[in-house]
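Following: one structure in structure tokens, then a few remarks.
Numbering (the numbering used here), first residue to last: 10 to 522.
Listed below in structure tokens is the structure:
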């Protein structure tokens, strides 16, 4: 099977530009983020001659080599139930406390996750036109073992994702194998040795100065310091190679310095339990990955990402708020006024839906800033263009002031691309302070215009009104979560502060004083 639907299968003579490697690092159950980033990279026309996967990154690697398009990858991740990752061992295993090897087994991963994600080991082995490698830790020999894609097996895939204490090791031949994340969570040097001139790394593990407490937090600390430490050591090795090349030496066939391009979240992603409990969903993680990769592509430097430890550093998390909402309504492509567009949309039956996720990373700063900005990611369903169209960037402001002291705006804006053209969906909720103040209508009605261009100064080519029903509003309330709260007291205060700011007396009606 030659991979043709994505630019992996291009022959060396047809590939323009440098020889690139796509390096998919691990990140637990949250690797849907990576799928979104992959889609953005491939839509930008990047071609790759080598893909390397470690830990959970092997899932996306195997999906690509099973013949899936990036769009199909995102669709499969979006509909995956995170609970399918978890399966318990027989009860007698847990009763043997001194001999217990893990919290669960990999049965559901093999029986549910692999099939849902469309992973076909035979197709992975048969893939042509590109090189692929998977990393596993040979526990018996205490080494990282690189498995070429033509030799991959279900056992190797499972072993590569079997974190110590989470899943048991896998015996293959005479040796025991498990996840390499504590040893190496991304194998850059393998790509260098294979001649890659550009290394495109999608990094998911956190790197902040926060030392987490609790059993899970301490485990995550160990994983993050091991994985980041190994990656930073590879940065040092590649920098040494670049220095030798600059002095005229040829290393692994390289005559030009090797460039790094690293895509990562601005803040650490929510941990696996947050995904499992529904405090974040795969659809949101996909949209975040797509937006982060799009931003990197737009702003990347000619020399790429510096080969220094600061390159994986993320902003330290603060107490914040997240929520998700879907707004839909009638829309027209030949009207510029939202109300007229809604009227025409009702006549034609044309609708548009905006799936939005808001992240307020620092609630204190958010409440003090008069513009009240948050991060907006999302996707758009619009039948003339398609469904689940990811946004490259977004703008969110809650109660943004205007020149009219009695009028404030709630702003939702998403930039996206369709058929190579840029579009900008700009929506506003008009919250008026008047005697007939109707908070419900004001905060659930989005007056929307579609611009053909990169921002809302571009020409308007469509308009309509999106809204939330009562049932939709209740769903929004169920998705409001406090992030990075150190205690239940801090969480309760943050939720109360945000709720009263957002809905005032209506919050007290729903939740009490």
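We treat Cβ as the ideally placed atom computed from N, Cα and C, and that holds for glycine.
| Query | Result |
| --- | --- |
| Nearest by alpha-carbon distance to residue 123: which of 67, 177 and 97 is it? | 67 |
| Report the rounded CA-to-CA distance for residue 171 versus residue 186, giving the unit in angstroms. | 8 Å |
| Under the assumption that residue 452 contacts residue 476 (Cβ atoms under 8 Å), give the Cβ distance between them as a whole number of angstroms. | Residue 452 to residue 476, Cβ: 10 Å. No contact. |
| In the DSSP assignment, what are the bridge partners of residue 336? | 363 |
| Tell me whether residue 311 sits in a helix, a strand or coil according to DSSP, three-state version. | coil |
| Apart from the five residues just before and just after residue 465, which ones in its own chain have a Cβ nearer than 8 Å to its Cβ? | 422, 433, 435 and 458 |
| For residue 141, collect the residues of the same chain with a Cβ closer than 6 Å to its Cβ; drop the 5 residues on either side in sequence, then sort them by chain order. | 60, 74 and 158 |
| Using the rule of at least 16 other Cβ atoms within 10 Å of the residue's Cβ for burial, across every protein chain shown, is residue 415 buried or exposed? | exposed |
| Closest to residue 428 by C-alpha separation, out of 411, 461, 439 and 407, would be which residue? | 461 |
| Count Cβ pairs between the region 364 to 378 and the region 499 to 512 that sit closer than 8 Å; are there 3 or more? | yes |
| Cutting at 6 Å between CB atoms, please list the residues of its own chain near residue 248, excluding the five before and the five after it. | 316 |
| Please confirm if residue 209 has its CB atom under 8 Å from at least one CB of chain C. | The structure shown contains no chain C; it holds only a single protein chain. |
| Whose C-alpha, out of 340, 90, 313 and 308, is nearest the C-alpha of residue 350? | 340 |
| Whole-angstrom Cβ separation of residue 325 and residue 217, contact assumed at under 8 Å? | 5 Å |
| For residue 388, which residues in the same chain have their Cβ closer than 7 Å to its Cβ, ignoring the five residues on either side in sequence? | 296, 364, 397, 398, 399 and 400 |
| How would you call residue 144, buried or exposed, if buried means at least 16 neighbouring beta carbons within 10 angstroms? | buried |
| What did DSSP end up calling residue 222 once you bin it into helix, strand or coil? | coil |
| From 92, 308 and 279, pick the residue whose C-alpha is nearest to that of residue 294; which is it? | 279 |
| Measuring alpha carbon to alpha carbon, tell me which of 188, 72 and 47 ends up nearest residue 111. | 188 |
| Please classify residue 150: does DSSP put it in a helix, a strand, or coil? | coil |
| Any idea what DSSP makes of residue 411, helix, strand or coil? | coil |
| On the three-state DSSP scale, how would you describe residue 86? | helix |
| State buried or exposed for residue 309, treating a residue as buried only when at least 16 other CB atoms are found within 10 Å of its CB. | exposed |
| Report the CB separation of residue 474 from residue 456 in whole angstroms; it is logged as a contact under 8 Å. | 6 Å |
| Please report how far the alpha carbon of residue 231 lies from the alpha carbon of residue 39, in whole angstroms. | 18 Å |
| Give me, in chain order, the residues of the same chain whose beta-carbon lies closer than 8 Å to that of residue 184; leave out the 5 immediate sequence neighbours on both sides. | 147, 148, 149 and 150 |
| Which two residues bound the contiguous alpha helix (DSSP H) that contains residue 74? | 66 to 74 |
| Along the chain, where does the beta strand (DSSP E) that runs through residue 201 open and close? | No beta strand (DSSP E) holds residue 201; the alpha helix (DSSP H) holding it covers 197 to 202. |
| Any idea what DSSP makes of residue 487, helix, strand or coil? | helix |
| Sort out for me which residues DSSP pairs residue 457 with in a bridge. | 436 and 473 |
| Suppose the cutoff is 7 Å on Cβ atoms and the five residues either side in sequence are ignored; what does the same chain contact list for residue 352 look like? | none |
| Under three-state DSSP, which class holds residue 184? | strand |
| To the nearest angstrom, report how far apart residue 92 and residue 285 are at their CA atoms. | 6 Å |
| Note down, one range per segment and in chain order, each alpha helix (DSSP H) of at least 4 residues found wholly within the region 346 to 392. | 347 to 357 and 372 to 377 |
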